[in-house]
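Report on the following structure.
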Amino acid sequence: MKSNPPMSDSVPRISIRDAAAHVGQSVEIAGWLYNLRRSGKICFPLLRDGAGIIQCVAVKSQLDEALFEALKDLTQESSLIVRGRIRAEQRAPGGFELDVEGAEILQRVPESDPYPITPKEHGVDFLMDHRHLWLRSRRQHAILGVRHEVIRAIRDYFDSNGFTLVDTPIFTPAACEGTTTLFEVDYFEGEKVYLTQSGQLYNEANAMAFGKVYCFGPTFRAEKSKTRRHLTEFWMVEPEMAYSNLEDVKRVAEELIVFVTGRVLERRRAELTELERDITKLEAIRAPFPRISYDEAVERLKQKGSEITWGGDFGGADETLLSEDYDRPVMVDRYPAQVKAFYFQPDDQRPEVVLGVDVLAPEGYGEIIGGGQRIHDLNLLLRRLEEHKLPREAFEWYLDLRKYGSVPHAGFGMGVERFVAWMCGLEHIRETIAYPRMIYRTRP
RNA sequence: UCCUCAGUAGCUCAAUGGUAGAGCAUUCGGCUGUUAACCGAAGGGUUGUAGGUUCGAGUCCUACCUGAGGAGCCA
C-alpha cells in the first residue's frame, strides 16, 4: 500500500474543514466511512477525515458500475479516498456535499468483524473498552477539540503575559505536601522516588530564577478516588510568580479563566454546539468574579443546611451549594491553616487562616483552581515543617529559596480536565482526556 | 477502603419462579435525495462465575468476579 497515494495529479487534496472554499471545484478527500445510507441506485457515504464529516453522493448511472457497487456495500470505518466536486447543498448535514466522480478504497473493514461502535447507543463500559475507536465519534472528537483549544489558550495567556515555561520533574524524591498518597517508583537505587503530585515546590525555585513561570504537565494522585471528578493521571498547569501575593493570584486566575473561556467561545462554537452545551452559561463568564471568604462560605453553607463546621474542608456537595448562587466562578479565600498544605502564608491579621484561594466553577463543576501565597520567611517555614512532621533534609533545597533573596511569592494550579469538563458541560471527567487513567481502568 | 446499584445475542435493553424475546449491527432481497434512512427475510444465547433453595431459577439465597454511581480525599 502506498503511504499517501494520490488518486489524481490534477485534483487538490483538501480537508473537509476547507470545503466551503472549494465549492464548484473538483477535489480529493482522504478519510474513513462514517456512515452510509443507500437507496437502490443512489447512495450517500458520509466521509470523515479527522477534521470534519462531509456527505458524498454516488449515483449509479453516473459511475463505473464496479465502483458504485463497491461504494454501496462499503462497511463502517473503511478507509478510502474520494474524488469529486464540492457543492453547497442544504439537504446535506454541514451544508456541503461532494458528488463522487471516483474513489479508491484502501482497506475495506470485513463484515465478518465489523466496526464495533455502531451509530446507535452504547454503554459506558463498552465505549471505554473501545476508547481507541471511540475517539473517532463526533462527540469525543468535539470534546478533544475543546481540550486542544483550552490548552492552547492557556499557553497563549501565559506566554503573552511574561511567564516562562519551565517544566518540573515527574520523578520526585519527596512528597510535595506530605499528605496525599503517592505512586512509588521502584527503580532508582537506594532511594524512594514518586510520581509528581504537583510541580509547585520546583516552580517556586524557578520563579526566583525567572520571575514569572509556569509548568504544564501530567500529575499523579494515588488516592482511591472513584467519582466523576477524578482521574488518577491528569494534567495541571501551575503558574508561580515572585514578588506577588494572594491578590495577584486572584487577578491572574480570573484573567486566565476569562481569556480561555473567550477563546473556546470564539474558536470552538461548532464543537460546543455538537455537545449541546448551553453557550449562554459560558458567555456569562466575565470579570469580576465574586470573592468571598472561607468564613462567609461556611456561614452560607450552614444556612443551606450543610453539616460543615468552621475548620473543615468543603465536600463536593458543599462546593455545588456555594457555586449555585453565581453565574460565574466564585473565589473563596483565607482557609483555616489546618486544611491547607504546610507552605501557605498565614494572614498577618489572623494567623489561624492562610492566604490561600480556591476557585469553584459554576454548575457544580467544583474546584478548578487552588493556590495562594507561599511562606517566604525561613523560620516560619522551618516551624511548619516540624508541625507537619516533614523531614527537613528532603527540603534543604527548598529552604535555600528562603535564605538567598527570599521574596513574597504566590501561584496556583489549574486542573485541565475539570476545566474542559466544565467548558463542555460533561457529566464525567473521563471523556476530557484521550486515554483516562482511573483506579479500575488502565486500558486501552 | 466503605456504601448503593448493575451484569441476558456483537451493542442497547425486555422477559409475574413456568417454552429466553425486541431494536440496532451482520447476511440476503427491495428502493434515484437519504438524514441514527426505510421495507421484507435469515443466522445469532453455557442469562458474569461457583454453589444452594425448588417439581422447575435469567428471576430467590450465599460467596466471588467485573463494572457504574457516590463517600472520604483532591485539580
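Reading the first sequence from the start, the letters are residues 155 to 598 in my numbering. We treat Cβ as the ideally placed atom computed from N, Cα and C, and that holds for glycine.
C-alpha of Pro268 to C-alpha of Glu231: approximately 9 Å in a straight line.
DSSP lists Ile240 as the beta-bridge partner residues of Val177. Burial is judged here by how many other beta carbons sit within 10 angstroms of a residue's own beta carbon; Val486 has at least 16 and is buried.
Here Ile308 is buried: its Cβ has 16 or more other Cβ atoms, across all protein chains shown, within 10 Å. In this structure, DSSP gives Asp340 a state outside helix and strand, which the three-state scheme calls coil. As computed with DSSP, Ser447 is found in a beta bridge with Asp487. Contact annotation: the segment 404 to 419 does not touch the segment 540 to 560, with fewer than three C-beta pairs closer than 8 Å.
Phe549 and Glu377 have their C-alpha atoms roughly 23 Å apart. Its chain contains Gly518 as the residues whose beta carbon lies nearer than 6 Å to that of Thr474, once the 5 sequence neighbours on both sides are disregarded; these appear in chain order. Here Asn360 is buried. Its C-beta has 16 or more other C-beta atoms within 10 Å. Secondary-structure assignment with DSSP links Glu394 through a beta bridge to Val367 and Gly565. In this structure, Ile523 keeps its C-beta atom at 8 Å or more from the C-beta atom of Val484. Restricted to the segment 522 to 590, the alpha helix (DSSP H) segments that are unbroken, complete and at least 4 residues in length are 532 to 541, 550 to 557 and 570 to 578, listed in chain order. With fewer than 16 other beta carbons inside 10 angstroms of its own, Tyr594 counts as exposed. Exposure of Lys195 is indicated by the presence of fewer than 16 other C-beta atoms within 10 angstroms of its C-beta.
When the beta-carbon positions are compared, Asp467 and Val493 come within less than 8 Å of each other.
Fewer than three Cβ pairs drawn from the segment 437 to 444 and the segment 351 to 359 lie within less than 8 Å of each other, which leaves the two stretches out of contact.
Taking every protein chain shown into account, the CB of Glu182 has 16 or more other CB atoms within 10 angstroms, so this residue is buried. Under the three-pair Cβ rule at 8 Å, the segment 413 to 427 does not count as touching the segment 531 to 541. For Gln294, the three-state secondary structure derived from DSSP is helix.
According to the DSSP secondary-structure assignment, Leu319 is paired through a beta bridge with Tyr368. Leaving aside the five residues that flank Trp186 on each side, the residues in its chain whose CB is nearer than 8 Å to its CB run, in chain order, Leu201, Arg202, Asp203, Glu231, Ser232, Ser233, Leu234 and Arg290.
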